[in-house]
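S.K.: First to last, the sequence lines map onto chains A and B.
Reading the first sequence from the start, the letters are residues 2 to 264 in our numbering.
Reading the second sequence from the start, the letters are residues 23 to 459 in our numbering.
Quick one: structure below, then a few questions.
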Amino acid sequence: MSETIKVPTMAEYMAQGKQPEVLFWVGCAGSFDDRAKKITKAFVKLLNQAKVDFAVLGTEESCTGDPAKRSGNEFLFQMQAVTNIEVLNAYEVKKIVTACPHCFNTIKNEYPELGGNYEVMHHTQFLKSLLEEGRLTIEGGQFKGKRITFHDPCYLGRANNVFEAPRDLIQKLEAELVEMKKCRQNGLCCGAGGAQMFKEPEKGNKDVNVERTEQALDAKPEIIAAGCPFCNTMMTDGIKAKEKEEDVAVMDIAELIANAKEL
Amino acid sequence: MEYLPNICFAIALVLGIGYFAKNVKKLTRNIKLGQDVDVSDNKSQRWRNMVRIALGQGKMVKRPIAGVLHIIVYIGFIIINIEILEIVIDGLVGTHRIGLKVLPISIYGFLIGAFEVLAVLVFVAVTVFWIRRNIIKLQRFWKSEMTSWPKNDANYILYFEMVLMTLFLIMNATDVHFQEINTGNIFSQYIASWFSGLPELQLHGIERTAWWLHILGILVFLNYLYFSKHLHILLAFPNTFYAKLEPKGQLNNLDAVTKEVKMMMDPNVDPFAAPAEGTAAEMPAKFGASDVQDLSWLQLLNAYTCTECGRCTSECPANQTGKKLSPRKIMMDTRDRLEEVGKNIDANKGEFKADGKQLLDDYITREELWACTTCNACVEACPVSIDPLSIILDMRRYLVMEQSAAPVELNNMMTNIENNGAPWPYNQMDRLNWKNE
């Protein structure tokens with residue numbers, strides 16, 4: 002499938018003396034996690050189809066520092082931030098899109114004070130703007146009439162008040178958007194934030210992702226839509242724990258749109 | 023002898039307000055033990071937040087039953103307190119219902135009538151609160167941090183309000199002259215019938231007793247605030263005013279760290295140079311927080327503002343899944359430790375003497391701190407804009423930057439980021455491999 006995707010780097014653009022319209026910040030999960038890489042590719046296919054002039058940093062990209070900061074390691078966070086900002090500023094990056102709400106939040110909110118000022122968009126916001134500009138069309142395809150529920154990533158929703166872009170996209174798929182009891186501002190965390198992704202949970206009587214998956218299953222969806230690679234992992238694990246893999250799929254919004262278009 | 027009641031009243035008033043003022047001073051001193059933080063920006067937005075969230079109870083109604091009941095008590099509290107003005111004037115001057123002399127009867131009747139309606143509504147609302155807490159036993163009121171004092175405190179407040187409202191109605195009901203005018207006695211006229219048949223002298227005695235107990239009760243309640251979660255009725259206002267304005271996901275960047283990082287990244291800096299005059303003093307004593315003095319005054323104000331409603335805890339993913347973390351407990355612990363530090367300072371002539379204790383470990387355990395997902399559900403849930411997450415983060419910062427005491431897996435994650443720019447042990451040079459897979 003790799004033959005169809007075009008992923009230019011900033012270095013290549015620079016060599017040609019050109020500036021892309023937007024930088025796609027892939028993030029660590031999107032670069033290395035097997036599940037998240039599929040999201041990355043789906044998003045790139047959409048960018049390619051919409052003929053978006055984008056580039057990635059490739060090997061020049063490094064962790065934003067989000068999990069370090071939220072673990073309390075402010076030194077490591079700021080070292081990462083300053084290094085990334087140096088790279089981004091050297092390429093004179095103005096606009097960044099990312100499929101990871103953690104990267105989105107960190108670059109958008111925590112980098113400016115350290116010298117990194119960019120227009121930052123989550124990929125659902127970016128896809129929506131492509132749609133509005135008529136550069137991308139969305140059809141229902143295989144998702145027409147399907148019951149889809151959206152799990153709000155904390156760092157997109159509550160943390161940055163982005164609630165509608167992902168939902169608008171789901172509705173464009175002509176799917177039936179069903180809400181969980183806890184959604185939008187009140188959405189329950191998947192359990193991965195604050196660097197929990199990288200450690201075993203403290204002792205309790207349940208895992209957070211199982212609790213959230215149960216809430217999602219209460220909405221009787223055929224698909225749980227996610228907008229964050231970490232939420233995606235946690236919800237997928239939750240579905241496995243509930244032995245519902247046969248009935249319910251966990252998919253990123255970019256994947257839904259790309260699959261509907263049979264890209 | 024004629025002036026004895028007036029003198030007694032004045033003494034009660036001075037003692038009541040004086041002791042409260044003394045405690046307010048102590049409260050301010052304690053809050054100022056916190057680190058400085060600049061919140062002088064965006065005044066207009068801050069005023070709007072205060073008006074919407076504190077004055078307008080904007081976030082209370084997110085839970086409609088508790089929200090509406092609370093609004094009743096809140097409005098009742100503010101409006102009925104207008105009556106105190108009359109009581110104070112009467113008490114000091116020796117008049118009786120001065121309002122009747124200076125206001126047209128219709129207006130006076132309307133005011134007292136409104137007070138009576140509200141008093142009954144408050145009584146009902148408070149009773150429902152009591153039932154929710156003690157009979158229905160709503161989960162959030164029965165978490166592990168809600169035993170002993172916090173549990174009793176909540177009930178004492180409800181009893182106080184019930185008694186004060188009852189005294190107000192009895193005071194009106196047994197006021198023969200007021201009942202004769204028959205205006206504004208919307209509810210007290212029915213209570214008056216319970217007392218019918220009593221001789222006027224005895225009625226007067228009951229009326230005076232109710233009047234005195236009512237005003238003394240209010241003064242006692244005023245002084246109870248400092249020791250109680252009920253302090254929120256005052257502090258909700260500054261707390262919502264000074265609350266964070268940035269997006270919830272934006273956690274503060276530590277300036278002290280920025281300075282160090284900039285220095286490390288600057289090739290022109292001589293690492294062996296003697297520090298310039300005065301720079302040593304600029305460095306903080308420690309990174310992050312292990313005790314209340316390391317927190318900001320805003321975080322300490324947060325702690326005093328907390329009314330222990332538990333909305334934060336009931337929304338917390340860690341708490342919902344049985345972990346020890348409870349954002350409410352973080353706030354309660356911070357206040358308890360701050361009080362302890364304050365008492366220590368009082369006992370040691372204005373200076374804090376190390377007591378071998380701190381907020382970390384002695385109050386808040388590491389297990390609680392590491393259970394947080396930083397999801398901001400607690401911040402969103404708080405009806406008075408308290409930010410428990412900021413305290414959790416500052417304490418994690420202390421654990422990691424001062425003690426290198428992160429859980430092993432997190433240390434591995436951080437080592438990975440340091441070495442190869444990702445939380446997992448993948449080579450940075452492989453970052454674009456997905457393209458060809």
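Where is the CB? At the ideal position from N, CA and C, for every residue including glycine.
No experiment lies behind these values; they were computed from the predicted model shown.
(1) Compute the distance between the beta-carbons of Ile108/A and Val121/A, then report whether it is under 8 Å.
(2) Quick one: any contact between the stretch 426 to 438 of chain B and the stretch 305 to 322 of chain B, if contact means 3 or more CB pairs under 8 Å?
(3) When the cut-off is 8 Å and only beta carbons count, does Glu120/A lie next to chain B?
(4) Is the distance from the Cβ of Glu256/A to the Cβ of Lys39/A below 8 Å?
(5) Run through chain B and tell me which residues come within less than 7 Å of Gln186/A, C-beta to C-beta.
(6) Helix, strand or coil for Leu178/A? Go by DSSP, reduced to three states.
(7) Classify Met80/A: buried if its beta carbon has 16 or more other beta carbons within 10 angstroms, exposed otherwise.
(8) Are Val350/B and Leu391/B closer than 8 Å when you measure CB to CB?
(9) To the nearest whole angstrom, what separates the beta carbons of Tyr326/B and Leu257/B, a pair I think is in contact under 8 Å?
(10) Taking the continuous alpha helix (DSSP H) assigned at Ala258/B, which residues delimit it?
(11) Can you tell me the Cβ-Cβ gap for Lys270/B and Asn398/B, rounded? I've got them flagged as a contact below 8 Å.
(12) For my contact list, Glu49/B and Tyr248/B are in at a C-beta cut-off of 8 Å; report their separation, rounded to the angstrom.
(13) CB-CB under 8 Å to Asn442/B, same chain, minus the five flanking residues each way: which ones, in chain order?
(14) Return the chain-ordered list of same chain residues with a C-beta closer than 8 Å to the C-beta of Pro230/A, the five sequence neighbours on each side being excluded.
(15) Anyone know if the C-beta pair for Gln223/B and Thr196/B falls short of 8 Å?
(16) Check whether chain B comes within 8 Å of Tyr156/A, counting only Cβ atoms and requiring the distance to be less than that.
(17) Listing by chain order, which chain A residues have their CB less than 8 Å from the CB of Ala444/B?
(18) What in chain B is Cβ-close to Leu115/A, meaning under 8 Å?
(19) Would you give the residue range spanned by the alpha helix (DSSP H) that Ile127/B belongs to?
(20) Looking at the secondary structure, which residues open and close the alpha helix (DSSP H) in which Thr150/A lies?
(21) By a C-beta neighbour count over all protein chains shown, 10 Å radius and 16 as the cutoff for buried, is Glu402/B buried or exposed?
(22) Specify, as a first and last residue, the run of the alpha helix (DSSP H) that Met252/A falls within.
(23) For a contact meaning CB atoms closer than 9 Å, what does Arg159/A contact in chain B?
(24) Under the assumption that Val8/A contacts Val57/A (Cβ atoms under 8 Å), give the Cβ distance between them as a whole number of angstroms.
(25) Mind listing which residues of the stretch 421 to 445 of chain B have their C-beta closer than 7 Å to chain A's C-betas, in chain order?
(26) If Ala217/A sits next to Met181/A, beta carbons under 8 Å apart, how far is it from one beta carbon to the other, in whole angstroms?
(27) What residue does the beta strand (DSSP E) around Met122/A start on, and which one ends it?
(28) Give the residues of chain B in contact with Ala91/A, contact being defined as C-beta atoms less than 9 Å apart.
(29) Tell me whether the beta-carbon of Gly310/B lies closer than 8 Å to the beta-carbon of Tyr420/B.
(30) Once the 5 residues before and after Pro339/B are set aside, which same chain residues still bring their CB inside 7 Å of it?
(31) Looking at Phe144/A: is its Cβ nearer than 8 Å to the Cβ of Ala176/A?
(32) With a threshold of 8 Å between beta-carbons, can Gly236/A be considered close to chain B, or not?
(33) Using beta carbons (cut-off 8 Å, strictly below), is Gly38/B in contact with chain A?
(34) Can you have a look at Gln201/B and say buried or exposed, based on whether 16 or more other CB atoms are within 10 angstroms of its CB?
(35) Using a Cβ-Cβ cut-off of 8 Å, state whether Lys351/B counts as contacting chain A.
(36) Mark Thr262/B as exposed unless 16 or more other C-beta atoms lie within 10 angstroms of its C-beta, in which case mark it buried.
M.R.: On the basis of the coordinates in this document:
(1) One-based indexing of the first sequence puts residue 108/A at position 107. One-based indexing of the first sequence puts residue 121/A at position 120. Yes, the Cβ-Cβ distance between Ile108/A and Val121/A is below 8 Å.
(2) Under the three-pair Cβ rule at 8 Å, the stretch 426 to 438 of chain B does not count as touching the stretch 305 to 322 of chain B.
(3) Start at 1 with the first residue of the first sequence, and residue 120/A comes out as number 119. Taking a beta-carbon distance threshold of 8 Å, Glu120/A does not count as an interface residue toward chain B.
(4) Translated into the one-based positions of the first sequence, residue 256/A becomes position 255. Translated into the one-based positions of the first sequence, residue 39/A becomes position 38. For Glu256/A and Lys39/A, yes; Cβs fall inside 8 Å.
(5) Locating residue 186/A in the first sequence gives position 185, counting from the first residue. Proximity of chain B to Gln186/A at the Cβ level (cut-off 7 Å) is accounted for by Glu402, in chain order.
(6) Residue mapping note: residue 178/A aligns to position 177 of the first sequence, counting from 1. Correct three-state label for Leu178/A: strand.
(7) Translated into positions along the first sequence, residue 80/A becomes position 79. By the neighbour-count rule (16 or more Cβ atoms within 10 Å), Met80/A is buried.
(8) In the second sequence, the residue the question calls residue 350/B occupies position 328. In the second sequence, the residue the question calls residue 391/B occupies position 369. At residue 350/B the sequence reads Arg, which differs from the Val that was named. Not closer than 8 Å, so no.
(9) Your numbering for residue 326/B matches position 304 in the second sequence. Your numbering for residue 257/B matches position 235 in the second sequence. The pair is a contact, with the Cβ atoms about 6 Å apart (cut-off 8 Å).
(10) One-based indexing of the second sequence puts residue 258/B at position 236. Where Ala258/B is concerned, the enclosing alpha helix (DSSP H) starts and stops at 254 to 264.
(11) Here residue 270/B refers to the residue found at position 248 when the second sequence is read from its first residue. Here residue 398/B refers to the residue found at position 376 when the second sequence is read from its first residue. A Cβ-Cβ separation of about 4 Å places Lys270/B in contact with Asn398/B under the 8 Å criterion.
(12) Translated into positions along the second sequence, residue 49/B becomes position 27. Translated into positions along the second sequence, residue 248/B becomes position 226. For the sequence presented, residue 49/B should be read as Leu rather than Glu. Their Cβ separation, rounded to whole angstroms, is 6 Å, which keeps Leu49/B and Tyr248/B in contact under 8 Å.
(13) In the second sequence, counting from the first residue as 1, residue 442/B sits at position 420. These residues qualify, in order along the chain: Tyr448, Asn449, Gln450.
(14) As a first step, residue 230/A must be located in the first sequence, where it is residue number 229. If we look at Pro230/A and ignore the five residues flanking it on each side, its Cβ neighbours are Gly28, Ala30, Gly31, Asp34, Arg36, Ala37, Ile40, Ala100, Cys101, Asp253.
(15) Here residue 223/B corresponds to residue number 201 of the second sequence, with the count starting at 1. Here residue 196/B corresponds to residue number 174 of the second sequence, with the count starting at 1. The residue asked about is misnamed: residue 223/B is Leu in this sequence, not Gln. Their beta carbons are not under 8 Å apart, which means Leu223/B does not touch Thr196/B by this criterion.
(16) The residue you call residue 156/A lines up with position 155 of the first sequence. Chain B places a beta carbon closer than 8 Å to that of Tyr156/A, counting this residue as a contact.
(17) Here residue 444/B is taken as the residue at index 422 of the second sequence, counted from 1. Correct list: Cys29, Ser32, Phe33, Ser63, Cys64.
(18) Taking the first sequence and counting its residues from 1, one reaches residue 115/A at position 114. Chain-ordered, the chain B residues with CB closer than 8 Å to the CB of Leu115/A read Asn275, Thr280.
(19) By one-based count along the second sequence, residue 127/B stands at place 105. Ile127/B -> alpha helix (DSSP H) spans 127 to 156.
(20) Within the first sequence, the letter at position 149 stands for residue 150/A. From DSSP, Thr150/A is part of no alpha helix (DSSP H) but of the beta strand (DSSP E) over 148 to 151.
(21) Along the second sequence, one-based indexing puts residue 402/B at 380. Under this definition Glu402/B is a buried residue.
(22) By one-based count along the first sequence, residue 252/A stands at place 251. Segment 250 to 253 is the beta strand (DSSP E) holding Met252/A; no alpha helix (DSSP H) there.
(23) By one-based count along the first sequence, residue 159/A stands at place 158. Listed along chain B are Lys270, Gly271, Cys397, Asn398, Ala399, Val401, Glu402, each with a C-beta nearer than 9 Å to that of Arg159/A.
(24) The sequence position of residue 8/A within the first sequence is 7, counting from 1. The sequence position of residue 57/A within the first sequence is 56, counting from 1. For a cut-off of 8 Å, the C-beta gap from Val8/A to Val57/A is around 6 Å, short enough to register as a contact.
(25) For the stretch 421 to 445 of chain B, which is checked against every Cβ of chain A, the residues closer than 7 Å are Leu421, Val422, Met423, Ala428, Pro429, Glu431, Leu432, Met435, Met436, Ile439, Glu440, Gly443, Ala444, Pro445.
(26) Here residue 217/A refers to the residue found at position 216 when the first sequence is read from its first residue. Here residue 181/A refers to the residue found at position 180 when the first sequence is read from its first residue. 6 Å between Cβ atoms; contact.
(27) For this step, residue 122/A is matched to residue 121 along the first sequence. Boundaries of the beta strand (DSSP E) around Met122/A: 120 to 123.
(28) Position 90 of the first sequence, counting from 1, holds the residue named residue 91/A. One finds nothing in chain B with a Cβ atom closer than 9 Å to the Cβ of Ala91/A; even the nearest lies about 14 Å away.
(29) As a first step, residue 310/B must be located in the second sequence, where it is residue number 288. As a first step, residue 420/B must be located in the second sequence, where it is residue number 398. Contact flag set, yes.
(30) Counting from one through the second sequence, the residue named residue 339/B turns up at place 317. Taken in chain order, the residues that qualify are Thr395, Cys397, Ala399.
(31) In the first sequence, counting from the first residue as 1, residue 144/A sits at position 143. In the first sequence, counting from the first residue as 1, residue 176/A sits at position 175. Taking C-beta atoms as the reference points, Phe144/A and Ala176/A count as a pair closer than 8 Å.
(32) Counting from 1 along the first sequence, the entry for residue 236/A is found at position 235. Reading the sequence as shown, one finds Met at residue 236/A and not Gly. With 8 Å as the cut-off, Met236/A does not count as an interface residue toward chain B.
(33) Taking the first residue of the second sequence as position 1, residue 38/B is located at position 16. No, its Cβ sits nowhere closer than 8 Å to a Cβ of chain A.
(34) Numbered from its first residue, the second sequence carries residue 201/B at position 179. The residue in question, Gln201/B, is buried, as its Cβ has 16 or more Cβ neighbours within 10 Å.
(35) Against the second sequence, residue 351/B aligns to sequence position 329. No, Lys351/B lies away from the interface with chain A (no Cβ there is under 8 Å from its Cβ).
(36) Numbered from 1 along the second sequence, position 240 holds the residue referred to as residue 262/B. Classification of Thr262/B: buried, given that the 10 Å Cβ count is 16 or more.
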